[in-house]
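Let me begin by presenting the structure, written as structure tokens, before commenting on it.
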Amino acid sequence: MPHIPISRWGEPYKSLDLDKVVHFATGEVLAEVSRANGGLVERDMRHAQRARDVLREIPIKQLLAMVKKAGELYAKAELPCGDGTQTPDQFARMQSATTGLPEHMCKFNMSKNEFVLAEMEQILASLTRGLDLDILTRGYGVESRGVPVSYQAQSPVLGMVLPSNSPGVHTLWLPIIPLQVGLVLKPGPQEPWTPYRMTSAFLQAGIPKQAIAIYPGLGDVGAAVLQHCPRSLIFGGTATVEQYKGNPRVQAHGPGFSKILIGDDKVDEWEKYLDIMVDSVLINSGRGCINCSGIWASRHTKKIAEAIAAKMGPVQPLPPEDPKSALAAFTVSGQADAINKQIDDDCKEAGVTDLTAGFAPRLVKKERCDYLRPTVIHCEGPDKAIAKKEYMFPFCTVVECPQDKMIASIGPTLVCSAITEDAKFQRALTDCVHIDRLNLGPLKTIQLNWLQPHEGSIVDFLYRARAFQFDKGMIKI
Amino acid sequence: MTLTPQQAKEKLDAHVRDIVAWHFNPETGSPFWVDAAAGKNPVLKLNFDPRKEVKCFDDLKKFGLFEDDWLRGGPARRWVPRALANKPTYIFETGGTTGIPKSRVVVEDHWIDYEQFSATLPDKHFPKGSNWLMLGPSGPRRLRLAVEHLAQFRGGICFCLDLDPRWVIKLIKKGWMEHLKAYQEHVIDQAMTILSAGHDIKCAFMTPKLLDALAGRLEKEGSSFTKAGITGIFCGGTEMTSQWIRFAMEEYLGPDVYIAPTYGNTLMGLAASDQPKPEEDYKICYYAPQPRATIEVVDFDDYNKVVPYGADGRVMLTTLTKELFIPRFMERDEGVREKPSAKYPWDGISGVKPYRGFAATTVVGVY
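Protein chains in written order, with my numbering: chain S, 64 to 540; chain C, 873 to 1239.
The structure is reproduced here in structure tokens:
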């Protein structure tokens, strides 16, 4: 059985505490992962500055070429994994086996990561608004229009407390290394695979091993990462997001509550947009924060919900290796039962109807895992408790709400696809501060433009623009 | 003289008979137990006469399980044996972040327990006459006074600090992590002040988390436990894993500082362990201060059944002192049953961690 060690800035460390990573369907132990302790993280942070120093010795242009190469290796090569090696197919199988995500979705996420690494130069150019990237290395420079600029790194490393359930989130940390900032990764318990494989690819492509540390572990390790890294990203539920709200050291990523809003001018043609709605809810098994969990319109909502239910209701669990498999398994015991009960309880409220109830029972229990079949709930008004709920499976509410009340009622929304040509509505949507990514037009919520920031620009999070004046004759850096 | 396991068992059985005779004798026993036997205790009515029917440790099963709620609230005097009623009495609490804490009355048990524990500490690293730092909880806790007594018993002076673990738990539950960090720094500041004040401190009690924090601070200031003059650390108060102790020994303590891991609580006293060794994968094996208290590792589904050696189960504690009789108390921990050793000829426990049935709701390692 392969052993995956803690990586202390590239030095493998085998812990006395080992966690078994188990196949969700067969119970087979796939690997043993060394479990770090919080003190280990704290102690290793003494070398955090070295991570940035070794990266700063490599020009960003060269780092971009390295990460592009790393993307290819990640997607195509047999790479070291712990004390063994791993092919791309083995990676997809293992990721599927522990996260419950079907294999073809794991492969899709691999290609997404490869794409992001290949396009990193354009992505950084967009995120920095065309800044000469050497300015990040040097700390100062002069813009093409002759204005001095300075960007100061706020941390030598970025801490990442990663989730288990959504391999898609890894794209968020891929730009960090070419930004010459080190990485401190705490993998999700069921998903150690991507951090290790990506790191392996980075190292093979020439990134110095002192730039990346990986600490699998429990809550104390996550807490230590957040405490000792001056900048961190964490993924969690609403409570996590609330906990770190306003904390400049932490960017918390939680549920997206992404939505599609159909304007009064377009709602009579709703059938034209049915596939966009279904794909937004269903793709990637509804696990992403960019998956749609609410469709809002002022009329025809019952018919819209029925039509979506007719498309998604028949979807059933298939084996993870089946290329048609559309549903991810719940691999954490009791999770699917709890969600199922919450939905049933919410459906008791007047004006709330489960339009997928007629297809088959929502909860499908297997020997070692569970599934939840796609669920479409109609709400007669935005005040229903379930109207703004989000779950990590293909679930959406279709909410009847007057257009002029929508923006005030939808609540925090990561991605809003607004299908309308109503200029007044578009203006209000553009001004709405609780919408993060705004799509105007019939765009799927899951359709990302990688050249755009996601939940705030990572560059702004890591670098602070500041005033900087200098005497040319004296400056030596 | 070292006993064989059989002799230790016989000694325990005899001790059980003495303790039961004491606690259920209306002249000497506590009102709680005397009334329970007489059918006058509103929360517990025994349908047998313990003084006649309890002849050995195994007979304690007749009591069923001890309910921890019996320890909440007053009157505390119901737990004081009549024969000790005129002695000065302490009350020590456990828990209590919200609601009424469990409490235990003590006359001299904490002294006796820690005097016995003192014998397990190597004098080379815990020199007699040296001063101590108590880096642990203050307030209505047994640990604070017990460590102070340990220092005094060994001829030293104990330097203490303020640490309110109930506030720490509230900070964690509220998610106020910045405040938590600030409070931890406040505690470490106090420790650093004591260590820098010329008190010639060589020994210390500290919890694993505070050891981490103090080691980190010492290192940041260019110091270490060794440079600060510490030669022996008695560590306890919260769970510690073999990995943690290996990490502490390899990276913070070095070869010159001895660490004595302990497992205990307000009810039982202290279970001791020898310093873990690399050749044994830093296994921490605790032994209760038998016969004054016992630890049994019992089946998760059948608390009457002790698990085989090497198997894991839930921790059942029994306290058998003249001050307190607590039979079959289900602790919030689990662990692995270990064989008797030459030094401790009775069962031990390793791999102690929060009981899986409660783990999700237990706030661990708060100070």
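Beta carbons: idealized from backbone N, C-alpha and C, even for Gly. On a predicted model such as this, the values are computed, not experimentally measured, just so you know.
Interface partners of residue i on chain S, CB under 7 Å
{"i": "C/PHE1119", "result": "ASN100, GLY102 and LEU103"}
{"i": "C/GLU1151", "result": "Within 7 Å Cβ-Cβ: nothing; C/GLU1151 doesn't reach chain S, min ~13 Å."}
{"i": "C/GLY1047", "result": "GLN306"}
{"i": "C/ALA1123", "result": "Just to set this straight, residue 1123 of chain C is Glu in the shown sequence, not Ala. Ordered by position in chain S, the residues that pass the 7 Å Cβ test against C/GLU1123 are ARG106."}
Status (buried if at least 16 other CB within 10 Å, exposed otherwise) for residue i
{"i": "C/LEU1015", "result": "buried"}
{"i": "S/LEU142", "result": "buried"}
{"i": "C/GLU1057", "result": "exposed"}
{"i": "C/ALA908", "result": "buried"}
{"i": "S/ILE540", "result": "exposed"}
{"i": "S/SER396", "result": "exposed"}
{"i": "C/VAL1235", "result": "Confidence is the limiting factor: at C/VAL1235 the pLDDT is only 45, short of 50, which leaves the residue's position unreliable, though a coordinate-based value still follows. C/VAL1235 is exposed by the Cβ-count criterion."}
{"i": "C/PRO960", "result": "exposed"}
{"i": "C/CYS928", "result": "exposed"}
{"i": "S/SER70", "result": "buried"}
{"i": "S/SER321", "result": "buried"}
{"i": "C/THR874", "result": "exposed"}
{"i": "S/HIS497", "result": "exposed"}
{"i": "S/ARG527", "result": "exposed"}
{"i": "C/GLY1237", "result": "At C/GLY1237, the pLDDT of 38 sits below 50, so the modelled position is not reliable and the matter cannot be decided from this model."}
{"i": "C/THR876", "result": "exposed"}
Cross-chain neighbours of residue i in chain S, by beta carbon under 8 Å
{"i": "C/TRP1116", "result": "ASN100 and GLY102"}
{"i": "C/GLY1088", "result": "GLY102, GLU105 and ARG106"}
{"i": "C/ASP1084", "result": "GLY101, GLY102 and GLU105"}
Contact set between residue i and chain C, taken where Cβ atoms lie within less than 7 Å
{"i": "S/GLN243", "result": "Correct list: empty, because the minimum Cβ distance to chain C is about 25 Å."}
Cut-off 7 Å between Cβ atoms - residues of its own chain near residue i, not counting five sequence neighbours on either side
{"i": "S/SER159", "result": "PRO165, GLU166, CYS169 and PRO383"}
{"i": "C/ALA1100", "result": "LEU1067 and LEU1090"}
{"i": "S/GLU544", "result": "Absent from the structure is residue 544 of chain S, since the part of chain S shown begins at 64 and ends at 540."}
{"i": "S/GLY163", "result": "PHE87, ALA391, ALA392, PHE393, THR394 and CYS432"}
{"i": "S/PRO68", "result": "PRO75, TYR76, LYS77, SER97 and GLY145"}
{"i": "S/ILE538", "result": "none"}
{"i": "C/PRO1163", "result": "LYS883, LEU884, HIS887 and LEU1192"}
Contacts that residue i makes with chain C (C-beta to C-beta distance below 8 Å)
{"i": "S/GLN290", "result": "MET1049 and LYS1053"}
{"i": "S/ARG71", "result": "Those within 8 Å of S/ARG71 in chain C number zero; the least Cβ separation is about 11 Å."}
{"i": "S/LEU79", "result": "THR1113, SER1114, GLN1115, ARG1118, ASP1153 and TYR1154"}
Contact belief for residue i with residue j at Cβ below 8 Å, rounded distance in angstroms
{"i": "S/ALA138", "j": "S/PRO219", "result": "With a Cβ gap of about 29 Å, S/ALA138 and S/PRO219 do not count as contacting."}
{"i": "C/THR1103", "j": "C/LYS1074", "result": "5 Å"}
{"i": "S/VAL461", "j": "S/ILE367", "result": "5 Å"}
{"i": "S/HIS363", "j": "S/VAL330", "result": "6 Å"}
{"i": "S/GLN306", "j": "S/VAL117", "result": "Wrong, their Cβ atoms sit about 33 Å apart, outside the cutoff."}
{"i": "S/LYS249", "j": "S/GLY285", "result": "5 Å"}
{"i": "C/TYR1154", "j": "C/SER1114", "result": "4 Å"}
{"i": "S/ILE482", "j": "S/TYR336", "result": "6 Å"}
Contacting residues, own chain, Cβ-Cβ under 6 Å from residue i (five flanking each side not counted)
{"i": "S/MET455", "result": "ASN228 and ARG350"}
{"i": "S/ASN403", "result": "ARG425 and LEU426"}
{"i": "S/VAL522", "result": "LEU190 and THR191"}
{"i": "C/PHE1106", "result": "PHE1077 and ALA1132"}
{"i": "S/ALA128", "result": "none"}
{"i": "C/TYR1135", "result": "ALA1143, TYR1158 and VAL1224"}
{"i": "S/GLU443", "result": "GLY414 and GLU463"}
{"i": "S/SER280", "result": "Note that residue 280 of chain S is Gly in the sequence shown here, rather than Ser. Cβ neighbours of S/GLY280 beyond the five flanking positions: ARG98 and ALA99."}
Neighbourhood of residue i by C-beta distance below 8 Å, restricted to the same chain and skipping five residues each side
{"i": "S/GLY147", "result": "PRO65"}
{"i": "C/TRP1116", "result": "PRO1080"}
{"i": "S/ASP342", "result": "LYS507 and ILE509"}
{"i": "S/LEU237", "result": "VAL130, ASN176, VAL179, LEU180, MET183 and MET261"}
Query raised in the report: In chain order, which continuous runs of the alpha helix (DSSP H) of length 4 or greater are located wholly inside the segment 444-491 of chain S?
Result: 466-472
Query - Completely contained beta strand (DSSP E) runs for the segment 957-1016 of chain C, where each covers 3 or more residues - result: 962-966, 974-978 and 1003-1007
Requested in this report: List in chain order: all unbroken beta strand (DSSP E) runs of 3+ residues lying wholly within the segment 491-533 of chain S.
Outcome: 498-503 and 526-529
Requested in this report: Write down every uninterrupted run of the alpha helix (DSSP H) in the segment 270-355 of chain S whose length is 4 residues or greater and which is fully enclosed by it, in chain order.
Outcome: 282-291, 301-307 and 337-345
Query - Every unbroken alpha helix (DSSP H) inside the segment 924-949 of chain C [4 residues or more] - result: none
Requested in this report: Entirely within the segment 221-263 of chain S and at least 4 residues each: give me those alpha helix (DSSP H) ranges in chain order.
Outcome: none
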